[in-house]
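Below is one structure, written out as C-alpha cells; comments come after it.
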Amino acid sequence: KRRIFLPHLQKMEETYIMIKPDGVQRGLVGEIISRFEKKGFKMTGLKLFKCPQELAEEHYKDLNSKPFFPKLIGYITSGPVVCMAWEGDGVVASARKLIGATNPLQAEPGTIRGDLAVQTGRNVVHGSDSPENGKREIALWFKEGELCEWTPAQAPWLLE
Ligand code: UDP
Ligand code: MG
59 KRRIFLPHLQ KMEETYIMIK PDGVQRGLVG EIISRFEKKG FKMTGLKLFK
109 CPQELAEEHY KDLNSKPFFP KLIGYITSGP VVCMAWEGDG VVASARKLIG
159 ATNPLQAEPG TIRGDLAVQT GRNVVHGSDS PENGKREIAL WFKEGELCEW
209 TPAQAPWLLE
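Quick note on numbering: the sequence shown equals residues 59 to 218 in UniProt numbering.
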C-alpha cells in the first residue's frame, strides 16, 4: 500500500520567539509577527506577558556571568513581552536570519533588527539559537494547554 507523506501534518522543528519590551512599547508587535507569518512558519503559541525576574534569569542563565546580565534582566522585565512558539522545517536557523545580528547596527537591512533597531541593549526580539533551546525555552515560557496544534489552511500550498 502506498503511503502519502503530508509534511504539514508532521511535527516539525520549534523555536521560541519573543518580542522584547521595547518592541511592544514601540508598537512593533504586528510588524514583527507578520514577518514570521509571511515567511510561512506556523504559530503554535502567543501571549502578552509580564516576565518575572526569576524567569528572565532562567531564560538567560548562560549569560549570567556577563557584565551586561543585570541590565539585560532589567530590560526584559521592564514591561510586557510577547511570547511566541513557531514551528516549521529549519525554523530555528531561519528565524535567526529573519531577526538578524545581535547588534542591530551590524544586522543586514531586511532583517527585523536591521530595519527596526539601533542598539544591542534594545534589539526588539529574541529567537532561540538551537532546536534544543527552542524546546527548552517553549517549555519555560508556556504552560501546558497554552500551545495550539493546528493545520493552517495554506499548508498544502506552502509545503509540497
Ligand atoms: N546583550 C547585551 N549586550 C551584549 C550582548 C547581548 O545587552 O553585549 C543582550 C541583547 O539583548 C541580546 C541578549 O543579551 O539579544 C542575548 O545575547 P545573545 O548573545 O544570546 O544574543 P541573541 O541570541 O539575542 O542575538
Ligand atoms: Mg541568544
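Just so you know, even glycine gets a beta-carbon here, dropped at the ideal spot from N, CA and C.
Which residue marks the beginning of the beta strand (DSSP E) containing residue i, and which one marks its end?
| i | result |
| --- | --- |
| Val-183 | 183-185 |
| Glu-72 | 72-77 |
At which residues does the alpha helix (DSSP H) containing residue i begin and terminate?
| i | result |
| --- | --- |
| Ser-188 | Where Ser-188 is concerned, there is no enclosing alpha helix (DSSP H), given that its DSSP letter is neither H nor E. |
| Leu-174 | 170-174 |
| Trp-215 | 213-216 |
| Ala-151 | 149-157 |
Is residue j closer than 7 Å to residue i when the C-beta atoms are compared?
| i | j | result |
| --- | --- | --- |
| Glu-71 | Val-140 | no |
| Leu-163 | Leu-86 | no |
| Gln-177 | Gly-137 | no |
| Ile-90 | Gly-81 | yes |
Decide if residue i is buried, meaning its Cβ has at least 16 other Cβ atoms within 10 Å, or exposed.
| i | result |
| --- | --- |
| Gly-146 | buried |
| Phe-99 | buried |
| Leu-130 | buried |
| Trp-199 | buried |
| Glu-195 | buried |
| Pro-128 | exposed |
| Ala-165 | buried |
| Ser-186 | buried |
| Gly-148 | exposed |
| Ala-153 | buried |
| Gly-192 | buried |
| Ala-197 | exposed |
| Ala-211 | exposed |
Can you check the stretch 80-147 for any alpha helix (DSSP H) of at least 4 residues that lies completely inside it and give the ranges in chain order? 87-97, 111-117 and 127-134
Indicate whether the contact test is met: 3 or more Cβ pairs, each with one atom in the stretch 152-166 and one in the stretch 180-187, closer than 8 Å. yes
Assess, as a yes-or-no matter, whether the stretch 118-131 is touched by the stretch 201-210 under the definition of 3 or more beta carbon pairs within less than 8 Å. no
Taking 8 Å as the cut-off, does the stretch 71-82 touch the stretch 131-146 (at least 3 CB pairs, one atom from each stretch)? yes
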